[in-house]
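Here's the structure we're looking at; comments come further down.
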Amino acid sequence: MHSYFWLLIGRWEATEVDEAALGDSAADKLGVRASDTFVLTPTPQPKDDFQEELVIRPLHSGDIYASFQFRTLWETDFMRENKVSHYRLFPKSLGQVISKFSVRELHISFTQGYWRTMQWGQPFLPSPPGAELWVWFQDSVTDVDAAWKELTNVLSGIFCASLNFIDSTNTVQPSASFKPLGIVNETDHRFLRYATLPREIVCTENLTPWKKLLPCGSKAGLAVLLKSEKLFHSSFFSQTVHIRPVCQDRECKTTSWELRQTLNVVFDLHTSGQGKREWSLFKMFSRTLTEACPLASSSKIYIDVTDNPQEEYFELSPATPLLSQAVVLGDRRTFSVYDLTQQVTFGTVRSLNLLIRWKSTEGDMLRPLLHAERYVAGYGLQTGEIHTVMYNNHPFRSFPVLLLDSVPWYLRLYIHTLTVTSKGKDNTPSYIHYQPSKDRMRPHLLEMLVQLPPHSVTEVTVQFERALLKWTEYTPDPNHGFYVGSSVISALVPSSVAMDTNITQEQPLFSSFFPCKEESSYFVRVYTEPLLVNLPTPDFSMPYNVICLTCTVVAVGYGSLYNLLTRSFQIEEPNPRLAKKIANFIRRIRGVPLLS
Amino acid sequence: AFLLTFLSAIIMLIFICFCVHFQNTAGQFFSSGHTNNWAVLVCTSRFWFNYRHVANTLSVYRSVKRLGIPDSHIVLMLADDMACNHRNPKPATVFSHRNMELNVYGDDVEVDYRGYEVTVENFLRVLTGRLPPSTPRSKRLLSDDRSNILIYLTGHGGNGFLKFQDSEEISNVELADAFEQMWQKRRYNELLFIIDTCQGASMYERFYSPNIMALASSQVGEDSLSHQPDLAIGVHLMDRYTFYLLEFLEDIHPASKSNMNDLFKVCPKSQCVSTPGHRTDLFLRDPGSVLITDFFGSVRKVEITMEAIHLTDPILQLEDGPMSEEVQEKTYSYVDQLPVSEIIHQKPKQKDWHPPDGFILGLWTLILLVFFKTYGIKHLKHIF
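Line order of the protein sequences matches chains X and D.
Be aware that the first sequence starts at 39, since it is given in the numbering used here, and climbs by one per residue.
Be aware that the second sequence starts at 62, since it is given in the numbering used here, and climbs by one per residue.
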């Protein structure tokens, strides 16, 4: 039976293994075969996939929140014996890090600024100020601490950050927080490490290598908007990298590796917006979009128009017919969608510059249900008290929160003074895990599961005492103070809208980060402010002063005494005056006796 | 006829001169003997009012990158962050000229050592190559014996020392010894050392290793002065010596033929107020034959060959083996992010060994029982 089949580019299989036929077909892949029947599988699904999206959410205070998400999915196995060598969309530097250190999950974030939950709502992806790194290692790792130390050094080279300052004095091993966000068989917290560097600065030198990890770099697609001069002139800037294994499809029989790079930025109305409540892509990023990344399978922009159903508050141009709804952070939001893979989006001018112009400033903001603050109370340089305040703004539901506190060893916590009060009454946590610190080796770790009553304020206080550091342990600018990392509050907040537990449905990236197991609540992580405490600082000029003073005293006091005791005095003839000298000279010539 | 021979002789002479000149330039092209270029650029000052030192280092970085040295061959050490400092009215920028004409920070900068990492120990370890094994490649100076290295230091200094970050110093003896270690380990072919601090010439007085050329912005006893403040930013933007050095380098392009003698003339006393100095006695070649691009650029040598090169057959991409054709019975799932009941009933793993519960109590009970057995029960009344 002869039949013609068009051969598609890609792998195809023969039903009957025919040596000669296979040899021929290898030579002319694109030709038409007219001999034995061949079963043709369609073009196999590409093993890796890249999606990019940008979400713009106008905030109630007039600021604007932009969140970029870039996701690369790759079906491969980093853990097998023969190493992966052909990288296409997945960056090679990260792939090598994963296989060398047997990493199962890696989450790293660099943030400048503090997220103001009460003014801006909840972020899509929270991050604490400074740098934060938490890693789940594979079960096969025997020495987790050594792998952690090498991993931080390698990452400091990749991201041009001083992550090599992460060592045992600021690394903790949480026992209940930071459960894996990806696919896992079982969770043994021995393989988890968490560290935060609140002092870390984020600048262009961190953004540059981050942009180089993207498949299109910063040359095409949404990444052309990432210009550092505009991004760092903002109230909040955060760039993160998340690597984890995810389900490929609904049955979840196979996993693929997901690399998510997100960038969150909040532009301030007055510094970037010049006070005018009108935002456009050009005003925010000083660039407009001309094309999608050619390597991306989807490239979209979402504008949050939930508060603007009839266009009474702001006007969006150019208009778009695409609308999409998504349940994100416990609320059903409506988005206007711009699809950059369609040429029609760019219009006749071949460039897209979205414009959001406000007409009136009415409107209520959705109050976030969970909010936290932290501050240091007390006076002087010896003792103090750390207060962590958590607000539950839900009118009738209470929910549990897991509070993780990691305090450096030089603030000696007195756990017997730990109090947890809600609405004035004692609130005993149902789970406490405390690991005391060891001087110069390990920080304090405090984890508590607290039930927050509805519509209440819960305060956690603990007293501490400041330790004296050795003079070589101070930083070059010790009078600035020492930072204490943010507390992490993980909670399952009740949701007013049914959450979507179907993980693989076509969801926008920003709503599908935290896996959802039940419909009635959603998982959220809130970070408090970092603390800045002053430690008693010595006067570093004292060694020099002491040496000078001691030497002076010794030289003047002992030296003069020694001279007095050991010096002998002789009588000396006074020098004759000049006239007498000349007279004596003349007398000597004359041979006459000299004057006395 | 005489005129003809005369003319032909002249033409022959011109031709010979041209050939010799051509040979000379070709010879010069291959005379330096180095195959790769490295740069170590260090700013040692912290705090906002030392903005100019960071701007100095970044302007040299910019010139060096522009002339061809890639980021992988530059070790940039900045002791403080000026660009994203909260006092900077224009974030992510560092300017070198008044009125914000030139942003030397740019969009594509990679800082290898920043903040508290810039210490004397790290600087000497970078130079000598004695770094811990887990140091990434971007933080290493991987030079060999055919490398020309440019070392630029700026900050606050004095007679014989340079201050690092207000807390430690490096002395000229230590620096000279580090260069000697580099020479003995064959870590450089030629070294150009430029320093822009007060009394900078004292730092190169003690060098004793061959093939080092040094430049300083001021002599012993003199201060190096800063150039101009910018009223919007509020601090001095650059130091004078590096400002005029930057102006000089802006005219250099990769094919430029300027040599070191032009570099020695940068910033005379009329412009700099201090007297720049240089030291060439340890350098084997004549400074007039050393090109600026030998140190500031990365000029590669190209060997032209007329032979035919045979390429191998194209390498076929190795197909992945059939990816687990068997149907996986195991279904994976995500983990509960906050499993409350599991957490409450979690028993904390105790790493240190403690005696089992009630052990001490049982031990004391045993002791008391034995005591009363031996000595009789009547002693019990003394206890209660």
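Backbone N, C-alpha and C define an ideal beta-carbon position, used for all residues, glycine too.
Just so we're clear, the structure is a prediction, and the values are computed from it rather than from any experiment.
Inspect the CB distances between the region 558-571 of chain X and the region 150-160 of chain X and report whether three or more fall short of 8 Å.
yes
What's the C-alpha gap between Arg-282(X) and Ser-550(X)?
13 Å
With a threshold of 16 other CB atoms inside 10 Å of the CB of Ala-261(X), please say whether the residue is buried or exposed.
buried
Contact check, Glu-171(D) vs Pro-247(X) under 8 Å by CB: the rounded distance?
7 Å
Determine, for Gly-176(D), whether the minimum Cβ-Cβ distance to residues of chain X falls below 8 Å.
yes
Give me the subset of the region 141-157 of chain X whose CB atoms are less than 9 Å from a CB atom of chain D, sorted by chain position.
Gln-150
Quick one: which unbroken beta strand (DSSP E) runs of 3-plus residues sit fully inside the region 443-471 of chain X? Chain order, please.
449-460
Val-366(X) to Cys-554(X) span [Cα, whole Å]
11 Å
Do you know how far the Cα of Asp-86(X) is from the Cα of Arg-126(X)?
8 Å
What in chain X is Cβ-close to Gln-398(D), meaning under 8 Å?
Lys-217, Leu-219, Ser-528, Leu-530, Phe-552, Pro-553, Lys-555, Phe-561
Between the C-alpha atoms of Arg-615(X) and Gln-608(X), what's the straight-line distance to the nearest angstrom?
21 Å
Three Cβ pairs or more, each shorter than 8 Å: is that satisfied between the region 287-297 of chain D and the region 255-271 of chain D?
no
Please report the residue range of the beta strand (DSSP E) in which Trp-317(X) lies.
316-318
Assuming Arg-231(X) contacts Trp-172(X) (C-beta within less than 8 Å), just tell me the rounded distance between them.
7 Å
In its own chain, which residues sit with a C-beta less than 6 Å from the C-beta of Phe-325(D), not counting the 5 before and 5 after it?
His-339
If we define contact as Cβ-Cβ less than 8 Å, is Asn-191(X) a contact residue for chain D?
yes
With a threshold of 8 Å between beta-carbons, can Ala-214(X) be considered close to chain D, or not?
yes
Applying the criterion that 16 or more other CB atoms from any shown protein chain within 10 Å of the CB defines a buried residue, is Cys-104(D) buried or exposed?
buried
Any beta carbon from chain X within less than 8 Å of Gly-88(D)'s own beta carbon?
Here Gly-88(D) scores only 49 on pLDDT, less than 50, and its place in the model is too uncertain to base an answer on.
Against chain X, does Gln-226(D) count as a neighbour if the rule is that its beta carbon must be under 8 Å from one of theirs?
yes
Which of helix, strand or coil does DSSP assign to Asp-238(D)?
helix
State the DSSP-derived secondary structure class of Glu-567(X), mapped to helix, strand or coil.
coil
For a test of the three-state rule: what should DSSP assign to Tyr-512(X), helix, strand or coil?
coil
Tell me whether Leu-60(X) sits in a helix, a strand or coil according to DSSP, three-state version.
Note that Leu-60(X) scores 40 on pLDDT, short of 50, meaning its location in the model is unreliable; the coordinates nonetheless yield the value given after this. Here Leu-60(X) sits in helix by DSSP.
Counting only Cβ pairs nearer than 7 Å, list the residues of chain A close to Ile-405(D).
As a matter of chain content, chain A is missing from the structure shown, whose protein chains are X and D.
Give a yes or no on whether the C-beta atoms belonging to Ile-294(D) and Phe-156(D) are separated by under 8 Å.
yes
Integer-rounded CB distance, given that Thr-421(X) should sit under 8 Å from Gln-501(X)
7 Å
When the cut-off is 8 Å and only beta carbons count, does Lys-126(D) lie next to chain X?
no
Suppose only complete runs of 4+ residues qualify. What are the alpha helix (DSSP H) ranges in the region 270-348 of chain D, listed by chain order?
301-311, 321-325, 330-333
Could you say which of Pro-546(X), Gly-195(X), His-308(X), Ile-424(X) lies nearest to Leu-569(X) if we only look at CA atoms?
Ile-424(X)
Proximity below 8 Å, CB of Phe-305(X) to CB of Ser-272(X):
yes
Note down, in chain order, each residue of its chain lying with its Cβ closer than 8 Å to the Cβ of Phe-203(X), except the 5 sequence neighbours on either side.
Leu-235
Taking only three categories from DSSP, how would you classify Phe-357(D)?
helix
Minimum Cβ-Cβ distance from Tyr-122(D) to chain X less than 8 Å
no
Hey, Thr-358(X) and Gln-107(X) are a contact pair by Cβ (cut 8 Å); roughly how many whole angstroms apart?
Their Cβ separation, rounded to whole angstroms, is 19 Å, which puts Thr-358(X) and Gln-107(X) out of contact at 8 Å.
When DSSP labels each residue in this structure, what does Gly-311(X) get in the three-state scheme?
coil
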